[in-house]
Structure formats: structure tokens, C-alpha cells
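Take the sequence shown: its position 38, counted from the start at 1, is 378 in my numbering, and no numbers get skipped.
Quick reminder that beta carbons are idealized off the backbone N, C-alpha and C, glycines included.
Contents: one structure, followed by commentary.
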Amino acid sequence: MLSIYNVSVTDDQKKRTVLLLAAGYPVPAVAHILYLTEKYIRDWSLTEEYRKLYFEVSRNLPGRRM
341 MLSIYNVSVT DDQKKRTVLL LAAGYPVPAV AHILYLTEKY IRDWSLTEEY
391 RKLYFEVSRN LPGRRM
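Have a look at this one:
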């Protein structure tokens, strides 16, 4: 199973990874976004800056429902 920062990645996340890479996001940014979404998106200690980044990226992904 693919793992980034010791966080398991689902098939849905693999699809998002491919889309992010195709959109031109650099690999470290994609890894960081996946890390944040898995580890911290439901954590209220997540900073507003990262929360905005996550939602901005997520909103622009095809097939993503918020």
C-alpha cells in the first residue's frame, strides 16, 4: 500500500494525486496536501492557512464533493 509520511493512501487519494500532478502541482506539494488532508483536516488545531489551501485545492478537483 502506498504511504506518504506513514499515512495510508486510499484509491480515491491516488486519483487525486494523479489529478494534482497533472495540474502541475510539484510532488512535495502533493505529498504535503495528502498528508494534511489525512492527518489534520478534522483536527481543529489546523491553521486557517492550511485549511484554505486544502479547500481551494479540493474544490478544484473533478468529482470532488464538499
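Helix, strand or coil at residue i according to DSSP, with G and I counted as helix
i, result
"N346", "No answer about N346 holds up, because its pLDDT of 46 lies below 50 and its placement is not dependable."
"A362", "helix"
Sub-8 Å separation of residue i and residue j beta-carbons
i, j, result
"V358", "I373", "no"
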